[in-house]
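Residue numbers (our numbering), protein chains in the order written: chain A, 64 to 198; chain B, 64 to 198; chain C, 64 to 198.
Data first, discussion second: the structure below is written as structure tokens.
If you want it as structure tokens, here you go:
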């Protein structure tokens, strides 16, 4: 098992960053031919998503939709004022598990691995764990 | 580690198909006694869900609710016109990980594994990976 | 691979219970130094979430928001009357996968593992599987 931490800097309050190339490079360099890749977000106001990366409008449409579902100024009690960011993190998800085969991430043709920032700008970490199959 | 691809044909714009029997059969035939089963959707306008499969009204209620949350005709920028389908895929999820024990999928009593089509009809693939435990 | 079942009793119709300490204790006692921990909810009207556990207002804000997204009395067909609980289970998720390193759960600083009850009070089970890394 190998574990890598990626550091990223988000530059806006809400933002989507594509991690596909970085994670793909980690997998290729690891020498793991087959196994599972767990990509994990250790934060509570950001999420990890696998979806279309080709047209950036998809990510901005999804950010805008999430904002309609969980508006920033809602009837929240949480004193920090960022309850909506926590809710969006829950709706998108904390981790993604992806198959590794032939030494590469087995994403679908149109799939990208994306970091969704919901309460930036912040310095963020994403933890990538590779678990090799034994047979 | 073994990897199987299931092919399915959805026959409506939105549709839920139950994959439980097919995946269960794959697990039983694999000879894997204990481990993890990763069921992965390589598409960006469909999702994988584990929920009640006994009453089909649950799935249609959920499809209708998702449509209220992410209406097909919304204020979207994505040129392909299916931003809602991408959003629903994100809200439901790209994969499910299920325990394998005693050579079978360890689902709860009322749980079914379901493929949620949000932009069909299409030919779709689901990738089932079995990772055997070593001890 | 080791598998443990936690039993919990929810005491309200909707409720969030923190499982972090219990799961952490299981991991520490297991002797597994490094690997993956799959926490799985075998129910269809409850979810597993990783999010902030420090301020209980976050969980109650999220419960209230989910109730606005999927109101209990909606235009549902499901005869049992709890379609909203099924929808909330889907929106939150059936399982969480967490890295184990140094014999401990590798959660982020502010992350807690939470059981979201959407149709209680009930006796519930959560299945914790530890899969050790071989190298």
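Glycine is no exception: its CB is placed at the ideal position from the N, C-alpha and C atoms.
All values derive from a computational prediction rather than experimental measurement.
Taking 8 Å as the Cβ-Cβ cut-off, the region 152-170 of chain C approaches chain A at 154, 155, 156, 159, 160, 161, 162, 164, 169, 170, given in chain order. Going by C-alpha positions, residue 79/B is about 16 Å away from residue 154/C. As summarised for the region 79-145 of chain C, the continuous beta strand (DSSP E) elements at least 3 residues long and confined to that stretch are 98-103, 109-115, given in chain order. The beta carbon of residue 75/A sits no closer than 8 Å to any beta carbon of chain B.
About 11 Å separates the CB atoms of residue 125/A and residue 148/B; that is not less than 8 Å, and the two are not in contact. Per DSSP, the continuous beta strand (DSSP E) segment holding residue 187/C begins and ends at 186-195. Just measuring C-alpha positions, the residue of 113/B, 107/B, 123/B, 106/B sitting nearest residue 105/C is 113/B. Cβ contact annotation for residue 175/A (same chain, cutoff 6 Å, sequence separation greater than five): 81, 83, 116, in chain order. For the region 182-196 of chain B, the set of residues with a beta-carbon nearer than 7 Å to any beta-carbon of chain C comprises 196, in chain order. For residue 67/A, the beta-bridge partners assigned by DSSP are 191/A. With the rule of 3 Cβ pairs closer than 8 Å, the region 179-193 of chain C does not count as touching the region 118-136 of chain A. Approximately 11 Å separates the beta-carbon atoms of residue 95/A and residue 191/A; this is outside 8 Å, ruling out the contact. Nearest neighbour of residue 171/B by Cα position, chosen from 173/C, 169/C, 158/C, turns out to be 158/C.
Closest option to residue 107/C, judged by alpha-carbon separation, among 132/C, 178/C, 130/C: 178/C. In this structure, the CA atom of residue 97/B is about 25 Å from the CA atom of residue 167/A. For the C-beta of residue 174/C, the chain A residues within less than 7 Å are, from N- to C-terminus, 105, 107. Within a 10 Å sphere around the beta-carbon of residue 145/A sit 16 or more other beta-carbons, which makes this residue buried. Straight across, the Cα-Cα distance linking residue 70/A with residue 183/A is about 14 Å. Within the region 110-121 of chain B, the residues whose Cβ lies closer than 7 Å to some Cβ of chain C are 112, 113, 114, 115, 118, 120, 121, listed in chain order. Exposed is the label assigned to residue 137/C, since fewer than 16 other Cβ atoms lie within 10 Å of its Cβ.
Membership of residue 175/A in the beta strand (DSSP E) is indicated by the continuous run 174-180.
Counting along the chain, no beta strand (DSSP E) covers residue 73/C, and no H or E run does either. Here residue 196/A is not near residue 152/A, since their CB atoms are 8 Å or more apart. DSSP places residue 155/C in the helix class (H, G or I) of the three-state scheme.
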